[in-house]
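First residue of the sequence shown? That's 2 in my numbering, and the numbers climb one at a time after it. Contents: one structure, followed by commentary.
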Amino acid sequence: MRGGYGLGPYDPRWIGPYRVDGLLGQGGMGRVYLGRDPVDRPVAIKVIKDDLAGNAEYLRRFREEAANARRIARQHTAQVLDFNVDRGSPYLVTEYVEGPTLRDRIRHGRPIVGSELDQLAFVLATALQAMHQVGLIHRDLKPENVILSSMGPRVIDFGVARVSDGPHEPDRNSTFVGTLGYIAPEILASRPATAKVDIFAWGATVAFAGTGRPTFGDGNIEQRRYRTLGQAPDLSGLELPLRDVVDRALHKSPAMRPSAADLVRVLNGGAALGAGTDELSAGLDGELPPRPERELTLEQEILRRMGM
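Structure follows, in structure tokens:
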């Protein structure tokens, strides 16, 4: 997330107590501005589109999920600093993370290999685990949403009150949540999103980082949809043993994918993934059942050892 574009005549100059300096980007959810907080620290401000702002159910979800997002461990994500839904256009404020995106890095260089790729995979899995532990699903993890900051990789733009899942056309101009090549098959089949959609996106993102190409290829919407739904991912060139973990993450069935906690465990040198549905995430099509206290304690110990 770098720099910013000039403001147009209809762009705000202030959003709540935050001064607006430039436009960082826009999408189906709204616009993201570069701004300054009252003590002059840089922040990113996501302003929700007017049509969504008029939806009472959307605002309820936004308030609930934004409150949960403030609980996410901030080491590998852009920390949520503030949000407001009570007046004007709803907005969400996160810390501003300086650095190129993973997409930029690969576009202007070579694929990431060796221990650097292992570290990237581990950090992204840890970020997802932190989100899933507070009940959030990112829903749009992809190379553009990974910033390679001076402090290490950071995940941005996680899923706060995204448009409810439904049979929307998955292109960049629609309200469909996600990006082709990283969207899980169940979303393309108009099934509800669970935390396992993030695991699929993790696999596709790590594969892109390690090979320099989209794992389900290029082409038009229908071609990429067809490959995601019915073809095996192209993981040639991805190093072992990471390739085996990525292959499991890209399984067509969400119930057969590992959980984020499983990824953290394996990438941190734990035992390999089992052949069947994993213990932490077994359930109907990847739905996450309540975890026993024993498992939560194990995950907390893993985080403690990582300094979190």
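Ideal placement from N, C-alpha and C gives every residue a C-beta, glycine not left out. Everything numeric in this text was worked out from a predicted model, so none of it was measured.
>> Given a cut-off of 8 Å on the beta-carbon distance, is the pair residue 140 and residue 198 in contact?
In response: yes
Problem - From 96, 237, 182, residue whose alpha carbon lies closest to that of residue 148 - result: 96
Inset, instruction - Thinking residue 195 and residue 255 are a contact (beta carbons under 8 Å), I'd like their distance in whole angstroms, please. - result: 6 Å
Residues sharing a beta bridge with residue 32, DSSP: 27, 48
What does the alpha-carbon distance come out to for the pair residue 142 and residue 179? 8 Å
Whole angstroms are fine: how far does the CA of residue 63 sit from the CA of residue 55? 12 Å
What residue does the beta strand (DSSP E) around residue 85 start on, and which one ends it?
-> 81-85
* Environment of residue 125 [buried if 16+ CB atoms lie within 10 Å] -> buried
### Message
Rounding to the nearest angstrom, what Cα-Cα distance links residue 150 and residue 6 in this structure?
### Response
20 Å
Does the distance from the C-beta atom of residue 86 to that of residue 44 stay below 8 Å? no
Among residues of its own chain, excluding the 5 on either side of residue 36, which ones have a beta-carbon nearer than 7 Å to its beta-carbon?
-> 16, 19, 20, 21, 22, 44, 46
Kindly indicate which three-state DSSP category residue 227 falls into: helix, strand or coil? helix
So, helix, strand or coil for residue 180, using DSSP? coil
As assigned by DSSP and simplified to three states, the class of residue 41 = coil
Rank 210, 104, 79 by C-alpha distance to the C-alpha of residue 128 and give the top, closest one.
79
To the nearest angstrom, how far is the alpha carbon of residue 39 from that of residue 185?
40 Å
Use the C-beta contact count for residue 222: other C-beta atoms within 10 angstroms, 16 or more gives buried, fewer gives exposed. exposed
query: What do you reckon, are the CB atoms on residue 274 and residue 244 nearer than 8 Å?
result: no
Relative to the C-alpha of residue 84, which residue among 76, 74, 73, 68 is closest?
68
*Alpha-carbon to alpha-carbon, residue 155 and residue 103*: 10 Å
Check your understanding: What residues in its chain sit with their C-beta under 8 Å from that of residue 135, if we drop five residues either side in the sequence?
Key -> 69, 70, 72, 73
| task | On a CA-only basis, which of 12, 11, 58, 247 is nearest residue 233? Give me that one, please. | result | 247
Requested in this report: Entirely within the segment 71-147 and at least 4 residues each: give me those alpha helix (DSSP H) ranges in chain order.
Outcome: 103-108, 115-134
Checklist entry - From what residue to what residue does the beta strand (DSSP E) around residue 266 run? => result Per DSSP, residue 266 belongs to no beta strand (DSSP E); it is in the alpha helix (DSSP H), 261-268.
Q) Rounded to whole angstroms, how far is the Cβ of residue 206 from the Cβ of residue 235, which I believe are closer than 8 Å? A) About 15 Å separates the two Cβ atoms, so there is no contact after all.
Rank 57, 153, 158, 144 by C-alpha distance to the C-alpha of residue 137 and give the top, closest one.
158
**Message:** For residue 24 and residue 11, which I take to be in contact (beta-carbon distance under 8 Å), what is that distance rounded to the nearest angstrom?
**Reply:** Not confirmed; about 11 Å, so no contact.
ask   = Mind checking residue 263: buried by the 16 CB within 10 Å criterion, or exposed?
value = buried
Item to complete: May I have the straight-line CA-CA distance separating residue 214 from residue 61, to the nearest angstrom?
Response: 39 Å
ask   = Do residue 251 and residue 189 come within 8 Å of each other at the CB atom, strictly closer than that value?
value = no
For residue 22, does the three-state DSSP call read helix, strand or coil? strand
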